[in-house]
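Protein chains in written order, with UniProt numbering: chain A, 1 to 406; chain B, 1 to 406. Ideal Cβ positions, reconstructed from N, Cα and C, are used throughout, including at glycine. First the structure, in the form of structure tokens, and then the observations on it.
What follows is the structure, given as structure tokens:
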């Protein structure tokens, strides 16, 4: 008998028919003798629809009230799922965050988890209930409702796995695992049986939409295995787990891409200490987080250029801020473009295996793809290229490292 | 400067445009210098839609989970309204029941209010906020979410008026006050400027759907004046207040009707003590509450007939129970019908003014309407008649007592 955390996303509870299917799966585990804690998201589409309502009222919704609004979808899901479990003859009880003292910071719309009281959950499990918990939400010290950011139900599930010392955390979703590339771009991506936390984080931050990154960070911190699998098919998915157990040599696990990238360049900045810091602290105040940053000398040795990429949703504001900085710092010019994209190759030990890095550049060159900017970490080599080349780049790199690599 | 409680029903917050209109009204009062506490219902249609979802899953939804489900609509309304108030330049803060310790009994779907902590509400009012509170909901001692029954937001508003010692409780709705009869039946009903708590209760229980009866009971207990008025037009409505301030003589304030009535008769019951008690205690166990009860002797002096009316929604179950009782009690027969209706004349002192009661019967007789059963209280004379005659009865009694009565 094990303690299993199962998380079901919005598509899995999109309507009452699907809720009944989830209940069947939950009850199957319960009848096998396991303790089951279920975390659910809002029904698919509901959160988007509520956000739309908020913006019909104001362009600048109060964040406390936005959290109050957006946590209703999960509450609907937990209630309906509990009813469906009862209908199948097992006991169930649903909880909102405030009912299990799921405490977070007060940072509305992006709160961090502080503490979870497991007493009530354990009592209800012992009494034979399936415990159904609303994902995504928390309460702060004033009992104000907070949220963990979009996709935060994954984080709820993994955090519960940690505090309850669960045997397994299963994340059920509409894909059946982590793939070496996006199936919409590459014809024959391979499903990974296992992936390390670090690689999963890099995959996620490089554009693969599978797990909420914070859920992976918490899993890594508490060494919780996450089983990412399909809601619709009963087949094994991908286990996200500690890297050193599975990794012995540098190995590419995936190729990801992101099209929503914009680039800004400040030309001819006087070479003075604190210039770069000024640029990035000003952006940080506006909550704009540059992804790749490149500082380079121009022909005139006393002048520098600084380029950085941001999400296209932030581009407009970032340009406005940079315009002001241009005057203030005495830069010669400013340019920006939104037709760029990022391709990333993910795998532990990449950067220290120069032959792999060099093979990335060779592959892109052979395919007449110009590299505009490069950033490399221990397990991620990313290249900024023109948006029109992005699918070609993913295909070529996947063919090079995955198809031929095994 | 006054403390005003305003309650807006589902049609007033049916969509974001209407929420903005409510915000304008709220902000107008706030800018005049008043403290404003607003109670809102779920957007029109949402609660019905959630109930439908629940019954798609099970014919017997767990009541705790049903309350969990049905309280989400109000949470959406309070969040959107608070955002809309911010957009108009005033501060607002929304609260669910758990955030203001709005404690109730654990009777899910029909909980009773035990206590409300006013500290946080008062603090937020003092800090200049419009305080927006989710109607209909409470929490019990375990922090489980409860509801006060359909229409319970009126009760929330009046209870808050009582504990906050408010200067006025305004209930905004889609009608502009209490009328002497249903405008869909009678051509020229009159709007009442004032009505007593008792008369209002009788109007409500006799079929007029204006205020949740429990809200009127609480208002009477704490002597709170309720101003019932239109969401859409800025005109005075009807004040519900203490009776003895406004009533000096017997006066008819309204004629109401209810079509959803069924009647059951047990014939030839042996005349033994405890027979009637057995019938009604058995029905009570099934939560069936007879409205009008009539016990009469038959030609054989040792046998009685018992007739009673129930809501048509309860008729089927009541017949089933009565079939069993028929055997048990040795009754000669059982009959039931669902094509009956109730017409009621409401007004303080009615029963003791025999000329009024007799005028009711005369009026119905003049219009060839047969009276099947009669019940009379201090302020309510009700007659069970055939359903086909109900509109004619209301028109005739309204013409007699209201049109000619002034």
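Establish whether the CB of residue i and some CB of chain B are separated by less than 9 Å.
i, result
"residue 20 (chain A)", "yes"
"residue 61 (chain A)", "yes"
"residue 318 (chain A)", "no"
"residue 411 (chain A)", "Here chain A covers residues 1 to 406 and nothing more, so residue 411 (chain A) does not appear."
"residue 402 (chain A)", "no"
"residue 76 (chain A)", "yes"
"residue 96 (chain A)", "yes"
"residue 99 (chain A)", "yes"
"residue 114 (chain A)", "no"
"residue 50 (chain A)", "yes"
"residue 421 (chain A)", "Nothing about residue 421 (chain A) can be reported from this structure: the residues present for chain A run from 1 to 406 only."
"residue 133 (chain A)", "no"
"residue 92 (chain A)", "yes"
Would you please verify whether the beta carbon of residue i is less than 9 Å from any beta carbon of chain A?
i, result
"residue 64 (chain B)", "yes"
"residue 31 (chain B)", "no"
"residue 16 (chain B)", "yes"
"residue 126 (chain B)", "no"
"residue 73 (chain B)", "yes"
"residue 144 (chain B)", "yes"
"residue 53 (chain B)", "yes"
"residue 211 (chain B)", "no"
"residue 200 (chain B)", "no"
"residue 68 (chain B)", "yes"
"residue 121 (chain B)", "no"
"residue 365 (chain B)", "no"
Looking at residue i and the ligand ZN, is the gap between the Cβ and the nearest heavy atom below 8 Å?
i, result
"residue 121 (chain B)", "The ligand ZN is absent from the structure shown, which contains no ligand whatsoever."
Distance check for residue j and residue i, CA to CA, integer angstroms please.
i, j, result
"residue 227 (chain A)", "residue 158 (chain A)", "11 Å"
"residue 336 (chain B)", "residue 395 (chain B)", "27 Å"
"residue 77 (chain B)", "residue 42 (chain B)", "6 Å"
"residue 240 (chain B)", "residue 342 (chain B)", "24 Å"
"residue 393 (chain A)", "residue 182 (chain A)", "12 Å"
"residue 148 (chain B)", "residue 37 (chain A)", "29 Å"
"residue 248 (chain B)", "residue 167 (chain B)", "At residue 248 (chain B), the pLDDT of 45 sits below 50, so the modelled position is not reliable; the number obtained from the coordinates is stated separately. Between residue 248 (chain B) and residue 167 (chain B), the C-alpha separation is close to 26 Å."
"residue 363 (chain B)", "residue 340 (chain B)", "19 Å"
"residue 115 (chain A)", "residue 103 (chain A)", "5 Å"
"residue 278 (chain A)", "residue 319 (chain A)", "15 Å"
"residue 190 (chain A)", "residue 252 (chain A)", "12 Å"
"residue 233 (chain A)", "residue 71 (chain A)", "29 Å"
"residue 88 (chain A)", "residue 59 (chain B)", "12 Å"
"residue 400 (chain B)", "residue 213 (chain B)", "27 Å"
"residue 132 (chain B)", "residue 94 (chain A)", "26 Å"
"residue 381 (chain B)", "residue 403 (chain B)", "19 Å"
"residue 254 (chain A)", "residue 126 (chain B)", "57 Å"
"residue 229 (chain A)", "residue 105 (chain B)", "42 Å"
"residue 86 (chain A)", "residue 280 (chain B)", "32 Å"
"residue 406 (chain B)", "residue 219 (chain B)", "Caution is warranted here: a pLDDT of 42 is assigned to residue 406 (chain B), below 50, making its placement in the model unreliable, and the coordinate value is therefore given only provisionally. Computed Cα separation, rounded: 29 Å."
Within this structure, are the beta carbons of residue i and residue j separated by less than 9 Å?
i, j, result
"residue 11 (chain B)", "residue 231 (chain B)", "yes"
"residue 288 (chain B)", "residue 384 (chain B)", "no"
"residue 210 (chain B)", "residue 155 (chain B)", "no"
"residue 386 (chain A)", "residue 310 (chain A)", "no"
"residue 1 (chain B)", "residue 96 (chain A)", "no"
"residue 161 (chain A)", "residue 264 (chain A)", "no"
"residue 389 (chain A)", "residue 369 (chain A)", "yes"
"residue 169 (chain A)", "residue 30 (chain A)", "no"
"residue 391 (chain A)", "residue 258 (chain A)", "no"
"residue 84 (chain B)", "residue 28 (chain B)", "no"
"residue 308 (chain A)", "residue 294 (chain A)", "yes"
Report back the beta-carbon spacing between residue i and residue j to the nearest angstrom; my notes put them in contact at under 8 Å.
i, j, result
"residue 237 (chain B)", "residue 197 (chain B)", "That belief does not hold up - the Cβ atoms of residue 237 (chain B) and residue 197 (chain B) are roughly 16 Å apart, past 8 Å."
"residue 445 (chain B)", "residue 317 (chain B)", "No statement about residue 445 (chain B) is possible, as the shown extent of chain B runs from 1 to 406 and does not include it."
"residue 379 (chain B)", "residue 350 (chain B)", "6 Å"
"residue 3 (chain B)", "residue 35 (chain B)", "5 Å"
"residue 315 (chain B)", "residue 268 (chain B)", "With a Cβ gap of about 21 Å, residue 315 (chain B) and residue 268 (chain B) do not count as contacting."
Listing by chain order, which chain E residues have their CB less than 7 Å from the CB of residue i?
i, result
"residue 57 (chain A)", "Absent from the structure is chain E; the protein chains it does hold are A and B."
Counting pairs of beta carbons, one from the segment 262 to 281 of chain A and one from the segment 319 to 334 of chain A, are three or more of them closer than 8 Å?
yes
Report yes or no: do three or more beta-carbon pairs, one from the segment 191 to 206 of chain A and one from the segment 125 to 138 of chain A, lie closer than 8 Å?
no
Whether or not the segment 13 to 23 of chain A and the segment 142 to 153 of chain A are in contact is what I'm after, with contact meaning three or more pairs of Cβ atoms, one per stretch, closer than 8 Å; do they touch?
no
For the segment 47 to 55 of chain B and the segment 113 to 132 of chain B, state whether three or more C-beta atom pairs, one from each stretch, are separated by less than 8 Å.
no
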